[in-house]
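So the protein sequences, as listed, match chains A and G. Heads up, the first sequence is in our numbering, so the first residue is 1 and it goes up one at a time. Heads up, the second sequence is in our numbering, so the first residue is 1001 and it goes up one at a time. Backbone N, C-alpha and C define an ideal beta-carbon position, used for all residues, glycine too. Data first, discussion second: the structure below is written as structure tokens.
There are 2 protein chains.
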Amino acid sequence: MKTYEQPTSRELFMRAVKVIPGGVYGHLGPAEGCFTPVSSYPLFATKAQGAYFWDVDGNRYIDYMCAYGPNILGYNDKDVDAAALAQLKDGNCVSSPSPKMIELAELLVDTVKMADWAFFAKNGGDTTLFALMIARAATGRPKAVLTRGGYHGVQPWTQKDGHPGVTPQDLANNLYVEFGDYEALERVFTEHKGEIACFMATPYHHPVFEDNRLPPEGYWKKVRALCDREGVVLAVDDVRCGFRLDVKGSDYHYGFEADIECFCKALANGWNVSAVCGKDSLKEAAGSVMYTGSYWLSAVPIAAAIACINKMRDIDSAKICTEKGRKLTQGLVASGKRHGYNLIVSGEPSMWFMREEGDDTMEIHQAWVAECVKRGVFMANHHNLFINTAMTDEDIAFTLEVADDAFAAIAKRGLVPQSGAAGKDR
Amino acid sequence: MKTYEQPTSRELFMRAVKVIPGGVYGHLGPAEGCFTPVSSYPLFATKAQGAYFWDVDGNRYIDYMCAYGPNILGYNDKDVDAAALAQLKDGNCVSSPSPKMIELAELLVDTVKMADWAFFAKNGGDTTLFALMIARAATGRPKAVLTRGGYHGVQPWTQKDGHPGVTPQDLANNLYVEFGDYEALERVFTEHKGEIACFMATPYHHPVFEDNRLPPEGYWKKVRALCDREGVVLAVDDVRCGFRLDVKGSDYHYGFEADIECFCKALANGWNVSAVCGKDSLKEAAGSVMYTGSYWLSAVPIAAAIACINKMRDIDSAKICTEKGRKLTQGLVASGKRHGYNLIVSGEPSMWFMREEGDDTMEIHQAWVAECVKRGVFMANHHNLFINTAMTDEDIAFTLEVADDAFAAIAKRGLVPQSGAAGKDR
């Protein structure tokens, strides 16, 4: 199997570092090399369509990062883009909002089970911060309970102590528990009785570098009852999972109801909008918080979101992504086994996480992912991956061929997992 | 002169409040009635083109809010939108950025005098927070000096104590001085020697409700020298002024160089992108801060920004807006005088602020603005206004006719300014 060359990506990167800190920033860039197979990584894309993008050297990749989530229906989905372009003719960022904003709010209220109202912003982080501020405004309490390793954006309050640019005051109102540990949560609620505004968590635990963890049986129901008892707002950060588990909300998927739910990523198939949905009990508090931004009422992404949600409902995109993800991951595991590797798959199939067993240094997984990328299957190493509905059975078959060839390539290089007890279970 | 009816706006608003907290949120909405002439306000727009938008009742407005800043070249500028649409065919929000990102960074470095590098985000508030985090990362110090009444977005650290959802810890590292008071700044720097990471301010002071204030003669040069002496990062929030005073940066306009400059608003004529520009001395610190978001590398707004900056350079949009603003405000003042009103204009002509003299309750100004809006001239009451380059001499002439008719209308209703010393100078 032919492997790609990426000389133009390297040349452009040398140009980029002159005028952009780090060249390509964030988790999308090579600065955090542990996330991405940098040396095999296409750094700049010139074209995207459906399940694929093409890099500046003309190589095609099946994209299992899906722009880190937004791509749910395939790049440049014709229905979503047609809605966006039709709206553009009528105006985008205007002094007054379009009535489309009401339509989108009504559609979310009709679609997301817990939603009595909706509010729109731009970043996922805009929505998690708004959720926190609403909870504080509603309860008059300052503290937030978060899960260790949970990701809620890049604002200082969500980062770790000691991260550059973060002060201790930014984290002064945070309390941390392990995801899924109900007893720990109950303990924190008791220790800080009357101080806690909200418990914020993702629907299931999808950190980087670690096996992703589904909620234990009965966990969310007990959490819901505890929050009710203590008057704590239950905020679900559905930015990453949203619409990939169930179009009705990931809380619905796991059998409970959040007080606030945050959406972004898959909401508009890549058009720039995020949303907070909430219960009526928090509507007045939401209206009291000063919260807005230059582009927050822009009508083009709102029109795109309407088309995206309608299409996700029509085709049941969560079901499609789950089935495709299950088929793909089963194939990947089987492929590994044929070459003596045990691929550990965790999380939900539509946005699974994987690692190799017996790979303490993570070297084996990184090498395998790099070999996959060089053959046209785009993945990150230690971040969950994503499925979109444009992926076909042929794409999955091609991916499995690539995976097989990549496993063969690393086996040939003598990369052998540590056996038995020596293989640390991360 | 005929005045508009807006029944559909009212009907839609009743629909909106059911599913959106406050109906229309932020400074764009009627919740903060003091900002906007609510009862005469078109709440929803269906079409925008050039200098105008049309509300859901089919009324046309010359828009002096310019979407609160983004509209610099006129709505739906054909050159900017053509660049955006061409890019859309090649992909928007993709796992890898487009090389257009490098092009935009290079263009900003070439355009903005102080810029050695650029970084892109989505909100203006993303850029001010990033500036603060960079300053903290670079200096190892926690504190920020801000100007009282300065606006840097809606994040808790930029809000006021006691605002809903804001905790004392959010503001624990802030120190405040009056804009333009060099001695006060020097005093704070002495009192908190070695603790201050940055001084952040707008290029000139453009708060709501107050006369806007230009920097006193020599102010910025002294501030620059003070920051150099104390190792404090000088961060200019050019989100609102950016490109309306000088395409080379508002620091350049006032004869100094910032260490970090924040842009948003006029950067891409309404397409969703913001930018931080910085000096080389802060590039490493910028690269060290964890900062990214789902849509931050989206190529469509980046392509739009390239076209917008090139066009702003080509036509010297800041000069055009300044000249049109001067002509318009002179005409408005003259119109007021004819009817016994003294309109006090402050700030820069391209984004002037105005109020009536002898109007302690602000009732006169609110009544006059409402009469203007009902005649097709869209303005907010106590927020600065904006000029765009699509506004013609005919638009200005029409605006002056409306202003005259509106002054006549409020005079007829017996709204008379308090005279002499009784007229409080705000």
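Where the beta strand (DSSP E) through residue i begins and ends
{"i": "G/Leu1214", "result": "Careful: G/Leu1214 lies outside any beta strand (DSSP E) and carries neither H nor E."}
{"i": "A/Tyr182", "result": "No beta strand (DSSP E) holds A/Tyr182; the alpha helix (DSSP H) holding it covers Tyr182 to Glu191."}
{"i": "G/Glu1261", "result": "Ile1260 to Phe1263"}
{"i": "A/Val145", "result": "Lys143 to Thr147"}
{"i": "G/Ser1346", "result": "Leu1343 to Ser1346"}
{"i": "G/Trp1310", "result": "Looking at the sequence shown, residue 1310 of chain G is not Trp but Asn. Taken as a continuous stretch (DSSP letters only), G/Asn1310 belongs to no beta strand (DSSP E), being part of the alpha helix (DSSP H) at Ala1299 to Ile1315."}
Interface residues of chain G facing residue i [CB-CB closer than 8 Å]
{"i": "A/Asn272", "result": "Cys1093, Lys1122, Asn1272, Tyr1295, Ser1298 and Pro1301"}
{"i": "A/Gln6", "result": "Correct list: empty, because the minimum Cβ distance to chain G is about 11 Å."}
{"i": "A/Val154", "result": "Met1290, Tyr1291, Thr1292 and Gly1293"}
{"i": "A/Gln159", "result": "Met1290"}
7 Å CB neighbourhood of residue i in its chain, flanking five on each side removed
{"i": "A/Phe179", "result": "Thr147, Gly150, Ala201, His205 and Arg213"}
{"i": "A/Phe256", "result": "Trp220, Lys221 and Arg224"}
{"i": "G/Ser1040", "result": "Ala1370, Val1373 and Lys1374"}
{"i": "A/Asn269", "result": "Pro70, Asn71, Ile72, Leu73, Asp77, Val80, Ala304 and Cys308"}
{"i": "A/Trp54", "result": "Ala45, Thr46, Lys47 and Arg60"}
Under 9 Å by beta carbon: chain A residues contacting residue i
{"i": "G/Pro1417", "result": "By Cβ distance, chain A contributes nothing, its closest Cβ being about 28 Å from G/Pro1417, past 9 Å."}
{"i": "G/Val1109", "result": "Lys18 and Val19"}
{"i": "G/Pro1142", "result": "Thr167, Pro168 and Gln169"}
beta-carbon residue i near the ligand FMN non-hydrogen atom, thresh 7 Å
{"i": "G/Ile1134", "result": "The model depicted lacks the ligand FMN and carries no ligand whatsoever."}
Exposed unless 16 or more other CB atoms sit within 10 angstroms - verdict on residue i
{"i": "G/Glu1356", "result": "buried"}
{"i": "A/Ala225", "result": "exposed"}
{"i": "A/Lys265", "result": "buried"}
{"i": "A/Met133", "result": "buried"}
{"i": "A/Met1", "result": "exposed"}
{"i": "A/Ser281", "result": "exposed"}
{"i": "G/Gly1194", "result": "exposed"}
{"i": "A/Glu32", "result": "Caution applies to A/Glu32, whose pLDDT of 49 falls short of 50 and renders its modelled position unreliable; the value that the coordinates give is listed next. Its Cβ being crowded by 16 or more others within 10 Å, A/Glu32 is buried."}
Beta-carbon proximity list for residue i, same chain, < 8 Å, skipping 5 on both sides
{"i": "G/Arg1338", "result": "Asp1404 and Phe1407"}
{"i": "G/Lys1248", "result": "Thr1111, Val1112 and Lys1113"}
{"i": "A/Asp90", "result": "Ser98 and Ala299"}
{"i": "G/Ser1274", "result": "Phe1120, Ala1121, Lys1122, Asn1123, Gly1124, Asp1126, Thr1127, Val1239, Cys1262, Phe1263, Cys1264 and Leu1267"}
{"i": "A/Ala421", "result": "Unreliable positioning characterises A/Ala421 in this predicted model, as indicated by a pLDDT of 41, which lies under 50. A coordinate reading is not provided."}
Short CB-CB distance (under 8 Å) between residue i and chain A
{"i": "G/Gly1047", "result": "In the sequence under discussion, the amino acid at residue 1047 of chain G is Lys, which differs from the Gly named in the question. Taking Cβ atoms only, chain A reaches closer than 8 Å to G/Lys1047, which makes this a yes."}
{"i": "G/Gln1169", "result": "yes"}
{"i": "G/Gly1125", "result": "yes"}
{"i": "G/Asp1057", "result": "no"}
{"i": "G/Leu1175", "result": "no"}
{"i": "G/Ala1118", "result": "yes"}
{"i": "G/Ala1286", "result": "yes"}
{"i": "G/Tyr1075", "result": "yes"}
Neighbour flag for residue i against chain G, beta carbons, 8 Å
{"i": "A/Leu328", "result": "no"}
{"i": "A/His163", "result": "yes"}
{"i": "A/Lys248", "result": "no"}
{"i": "A/Asn310", "result": "no"}
{"i": "A/Arg187", "result": "no"}
{"i": "A/Ile102", "result": "yes"}
{"i": "A/Gly50", "result": "no"}
{"i": "A/Cys264", "result": "yes"}
{"i": "A/Asp63", "result": "yes"}
{"i": "A/Asp395", "result": "no"}
{"i": "A/Asp90", "result": "yes"}
{"i": "A/Arg10", "result": "no"}
{"i": "A/Asp259", "result": "no"}
Close Cβ partners of residue i (< 6 Å) along its chain, the five nearest in sequence each way excluded
{"i": "G/Thr1322", "result": "Pro1349 and Ser1350"}
{"i": "G/Ile1387", "result": "Cys1321, Lys1324, Gly1325 and Ser1350"}
{"i": "A/Leu104", "result": "Ile302, Ala305 and Ile306"}
Contacts that residue i makes with chain A (C-beta to C-beta distance below 8 Å)
{"i": "G/Tyr1068", "result": "Ser95 and Ser294"}
{"i": "G/Met950", "result": "This structure cannot settle anything about residue 950 of chain G, because the visible part of chain G is limited to 1001 through 1426."}
{"i": "G/Ser1098", "result": "Phe44, Ala45 and Thr46"}
Contact list for residue i against chain A, beta-carbon separation under 7 Å
{"i": "G/Val1289", "result": "Pro164 and Gly165"}
{"i": "G/Ser1350", "result": "By Cβ distance, chain A contributes nothing, its closest Cβ being about 17 Å from G/Ser1350, past 7 Å."}
Interface partners of residue i on chain G, CB under 9 Å
{"i": "A/Leu234", "result": "Residues of chain G passing the Cβ test: none, with the nearest at roughly 17 Å."}
{"i": "A/Glu106", "result": "Arg1015, Lys1018 and Val1019"}
Delimiting residues of the alpha helix (DSSP H) encompassing residue i
{"i": "G/Trp1271", "result": "That residue, G/Trp1271, is in no alpha helix (DSSP H); it is neither H nor E in DSSP."}
{"i": "A/Met133", "result": "Gly124 to Thr139"}
Proximal residues of chain G, C-beta to C-beta of residue i below 7 Å
{"i": "A/Arg136", "result": "Gly1165 and Thr1167"}
{"i": "A/Ala172", "result": "Gln1169"}
{"i": "A/Gly22", "result": "Gly1287"}
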